[in-house]
Structure formats: structure tokens, C-alpha cells
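**Student:**
Protein chains: 2
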Amino acid sequence: MNDETSLYPPLAEIGLGNYAPYLMNRIMGRYNASLRAEMADLGLTTPKMRALAVLSVQDGPLVGELSLLTVVEQSTLSRALDQLQAGGMIRREADAADSRAVRVFVTDAGRACFETLWPHMAAAQARMFRGVPEDERRAFVGTLQKMLANIRRQGS
Amino acid sequence: MNDETSLYPPLAEIGLGNYAPYLMNRIMGRYNASLRAEMADLGLTTPKMRALAVLSVQDGPLVGELSLLTVVEQSTLSRALDQLQAGGMIRREADAADSRAVRVFVTDAGRACFETLWPHMAAAQARMFRGVPEDERRAFVGTLQKMLANIRRQGS
DNA sequence: CAGATTTAGATGCATTTGCAAATATCCTGA
DNA sequence: TCAGGATATTTGCAAATGCATCTAAATCTG
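Quick note, the sequences are listed as chains A and B, same order. Each residue of the first sequence is one higher than the one before, starting from 62 at the first, in the working numbering. Each residue of the second sequence is one higher than the one before, starting from 62 at the first, in the working numbering.
1) Taking only the alpha-carbon atoms, compute the straight-line gap between Arg152 of chain B and Tyr69 of chain A and give it to the nearest angstrom.
2) Please report how far the alpha carbon of Val124 of chain B lies from the alpha carbon of Leu142 of chain B, in whole angstroms.
3) Using the C-alpha atoms, what's the distance from Glu197 of chain B back to Glu154 of chain A?
4) Taking the beta strand (DSSP E) that Val167 of chain A falls in, what are its first and last residues?
5) Assign Arg153 of chain B to one of three DSSP states: helix, strand, or coil.
6) Measuring alpha carbon to alpha carbon, tell me which of A:Ile75, A:Cys174 and A:Gln144 ends up nearest Asp102 of chain A.
7) Gly68 of chain A by DSSP, collapsed to three states: which one?
8) Taking only runs of the alpha helix (DSSP H) that begin and end inside the segment 84 to 162 of chain B, which ones reach a length of at least 4 residues, in chain order?
9) Please list the residues of the segment 171 to 190 of chain A that have a C-beta atom closer than 9 angstroms to any C-beta atom in chain B, keeping them in chain order.
10) Quick one: what's got a C-beta closer than 7 angstroms to Thr137 of chain A's C-beta in the same chain, skipping five residues either side?
11) Looking at chain A, which residues of the segment 154 to 166 of chain B have a Cβ within less than 9 angstroms of any of its Cβ atoms?
12) Tell me whether Phe166 of chain A is buried or exposed, calling it buried when 16 or more other Cβ atoms sit within 10 Å of its Cβ.
13) At the level of alpha carbons, what is the spacing between Tyr92 of chain A and Leu84 of chain B?
14) Counting only Cβ-Cβ distances shorter than 7 angstroms, please list the residues of the segment 81 to 105 of chain B near chain A, keeping chain order.
15) Let me know the secondary structure DSSP gives Gly171 of chain A once reduced to three states.
16) With distances taken from CA atoms, which of B:Gly76, B:Met110, B:Ile88 and B:Glu99 is nearest Arg172 of chain B?
17) Between the segment 109 to 120 of chain B and chain A, which residues of the former have CB atoms less than 9 angstroms from a CB of the latter, in chain order?
18) Does the count of Cβ pairs from the segment 73 to 83 of chain B and the segment 115 to 134 of chain B closer than 8 angstroms reach three?
19) For Met208 of chain A and Ile88 of chain B, which I take to be in contact (beta-carbon distance under 8 angstroms), what is that distance rounded to the nearest angstrom?
20) By Cβ distance below 8 angstroms, which residues in the same chain neighbour Ala94 of chain A in space, the five residues on each side in sequence not counted?
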């Protein structure tokens, strides 16, 4: 009975609709899909959009930090940054203290681009939460914050 | 004041850590990453794993239905199914009533493969919810279900 | 302080992805 | 019943992705 395979009830028993990661993946898939058209209009892909989003809140992170914050693979992010830079949306700058490290900054054009997209993102979120009362919404976000804390750092 | 751009407070004001889609994307990124190694060992990619997961619960859907249920683009899914079929994990069968349509069935090998992976998935979920009491967990899943209902079907 | 090790980021390359188009089948109305 | 259009899935192709590797720079060791 210590066999790992017997610790958890099978998915078929739980049901897809009660398995949180399935629901979250499915909801995020729709959310992301609903933004794809607007992003394409602005010449953005998901990694580019995420970079601009994070930079609009926290400017000047290292590439590696931005990779964690955006949940985008570092090599993918590096190339997304190439494109954003070519489009004048961001600027890379060698870190003063460590010349291996590169800090990333949004330009005015990048900020403006994200500000064009943001209303669509906010509206998509509002649609997701339609009919969910304010206190339930707050509790939901609180749980998400706990979950994020749980999975940050510790490996395995 | 009816300008769409002024309806929503900017992301910088809300804060990344309070914007639900950001938190969800980040959490799912970790969840998916934590399973990547086990999946690779089994020769699975995310679309292949999702197909097996859904099929373990609901066998015999149409390819298009499976695409919706797995949140995998249909052409991507079609190729994932090619690979699963080549590996003997699934079987495709023309629908009796409509010969354009294709139904997908797991084989015993496919079921066994998913059953090997499932404990890791369940454990990853358990880690996510560490320290979240049972009633909070249930409320969280309840909110997810409402959200999924919100974004199903209706476009825009 | 030299050499070995670690770390940050970029890049080569094979694979995967998704859009658009192709194929095959079904349905609808004259 | 047949033409015209809709629908289910697959496939062509260019772009994006991620692993492994590379380069450069920092840090650690003796």
C-alpha cells in the first residue's frame, strides 16, 4: 500500500471537471486564444506580450528574471526580446555590476503597444469572472497566491 | 468615459500578483514543467498526454471534440494522434454515421501509459494545494467550474 | 593569482506548432 | 437528384519552440 500508484484515485473517478489543473489549462487556453487575434494585429506572440506585460509593471529585470516571471523558456524569451528590440519595443542594457547579465527595459513604444492590448486582456478577464461575486473572486485570487507560493522554488 | 481604454485600471495598478490570468498561467507553467521529465520518459508531449488523459475518462470522442476537450489545436492534435497511433497507444476509427468523422479510442497500452503518468500528475496537484484546506479547495474548484462555463461557447 | 567551476545569455538545430489550404464527405434546396 | 455550400479531418509550409551547446564573464580554490 506504499506503492505510489495506489495513493491517488484515478482521474476517471475524480472526473476531468473536478481536476483543478485540467480546468485551469482549459480556461487559460480559452483566455489565450481570445487574445490571439488582438495580439496578431499588434505583431505580438504570447512570449512577446508577456514580456511587455511584466515590464509594464517591473521595468529593468535581468533576462533570467524575466524568464521566470513570464514563464517563458529562456532561449525562447531571448529571441522574443530580439524581435521586440527590432520593433523598438524594448531596450537591452548590460548590467552595471555584472557584464554577463542583461537588463531589459520597455520603451515608450513598448508601453504604448501594451496599453493598446491591455483593455482586451482586462475584458477577457472580466468575461471569465462574469457572475462570480466580488468576495468569491477575492478568495479565488487568494488561493491562487497560496498555490503560486507553494510551487515557487522548491524543486521536485 | 465610454472609451474602452479607460474602463479598466492599468495592470501596474492592479499588480501582477492580483491579476488572476497571470497567476494561473504561472502556476500552470510550473505544473506542466514539473511533469515534463516524466512525460519525456514515456515519450509523451503535452498534447499527447492530454489526449490520453481525456481518453482515459471519455473514450471514443471525435477528433474535433477531443481538440476542444484537450485545448489542443486540431492540426496539432491530428499529428499527436498520428504519433500515439504509431506507438500503439490509440486507435482511430471512422464514425459509423459520418465517414468524414473519426473517433478516437485508447488501447490497453495507452491506458497503461497514462496510468504510469497519473500518480505524478496527482502528486503535482497535491503539491500545488499544499496547505490549502479542503473547503477552500472545493470553493476554488467551484469557481473554476463557473469560469469554464462562462468562456465555453460564446465567442468574443 | 592561475586554473577550474559556475552562471548569464545567445545560438545551432531538429522538432513542434498553427495558420491556410487541400481532401473527402455530408447536407440543403431547387 | 444534383449543384453549391457546409463540415471533419489532414497536410503543406513557414515560423516558433526547446534542448543542448557555446561564449563570455564572474566566482571559487588552493
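Glycine is no exception: its CB is placed at the ideal position from the N, C-alpha and C atoms.
**Tutor:** Taking the definition as stated:
1) As a working note, residue 152 of chain B is residue 91 in the second sequence. As a working note, residue 69 of chain A is residue 8 in the first sequence. Going by the C-alpha atoms only, they are around 27 angstroms apart.
2) Stepping through the second sequence from its first residue, residue 124 of chain B is reached at position 63. Stepping through the second sequence from its first residue, residue 142 of chain B is reached at position 81. Near 9 angstroms, if we compare the C-alpha coordinates of Leu142 of chain B and Val124 of chain B.
3) Working through the first sequence from its first residue, we reach residue 154 of chain A at position 93. Working through the second sequence from its first residue, we reach residue 197 of chain B at position 136. Taking the straight line from one Cα to the other gives about 44 angstroms.
4) Numbered from its first residue, the first sequence carries residue 167 of chain A at position 106. Residues Val163 to Val167.
5) As a first step, residue 153 of chain B must be located in the second sequence, where it is residue number 92. Three-state result, Arg153 of chain B: strand.
6) In the first sequence, residue 102 of chain A corresponds to position 41, counting from 1. Among A:Ile75, A:Cys174 and A:Gln144, the Cα nearest to that of Asp102 of chain A belongs to A:Cys174.
7) Looking up residue 68 of chain A in the first sequence gives position 7. One point to set straight first is that residue 68 of chain A is Leu, not Gly, in the sequence displayed. In this structure, Leu68 of chain A counts as coil in the three-state DSSP scheme.
8) Listed in chain order, the complete alpha helix (DSSP H) runs (minimum 4 residues) inside the segment 84 to 162 of chain B are 107 to 118, 124 to 131 and 135 to 147.
9) If the cut-off is 9 angstroms between Cβ atoms, the segment 171 to 190 of chain A has Phe175, Glu176, Thr177, Trp179, Pro180, His181, Met182, Ala183, Ala184, Ala185, Gln186, Ala187, Arg188, Met189 and Phe190 near chain B.
10) In the first sequence, residue 137 of chain A corresponds to position 76, counting from 1. Pro108, listed in sequence order.
11) Cβ contacts with chain A come from no residue of the segment 154 to 166 of chain B.
12) Along the first sequence, read from residue 1 onward, the residue named residue 166 of chain A stands at position 105. Its Cβ having fewer than 16 others within 10 Å, Phe166 of chain A is exposed.
13) Taking the first sequence and counting its residues from 1, the one referred to as residue 92 of chain A is at position 31. Taking the second sequence and counting its residues from 1, the one referred to as residue 84 of chain B is at position 23. When rounded, the distance between both Cα atoms is 13 angstroms.
14) Taking 7 angstroms as the Cβ-Cβ cut-off, the segment 81 to 105 of chain B approaches chain A at Ala81, Pro82, Leu84, Met85, Asn86, Arg87, Ile88, Met89, Gly90, Arg91 and Tyr92, given in chain order.
15) What you label residue 171 of chain A is simply residue 110 of the first sequence in a count that begins at 1. Here Gly171 of chain A sits in helix by DSSP.
16) As a working note, residue 172 of chain B is residue 111 in the second sequence. Minimum Cα distance to Arg172 of chain B is reached at B:Met110.
17) Listed by position, the residues of the segment 109 to 120 of chain B near chain A (Cβ gap below 9 angstroms) are Arg111, Ala114, Val115, Ser117, Val118 and Gln119.
18) The segment 73 to 83 of chain B is not in contact with the segment 115 to 134 of chain B.
19) One-based indexing of the first sequence puts residue 208 of chain A at position 147. One-based indexing of the second sequence puts residue 88 of chain B at position 27. 5 angstroms between Cβ atoms; contact.
20) As a first step, residue 94 of chain A must be located in the first sequence, where it is residue number 33. Correct list: empty, nothing qualifies.
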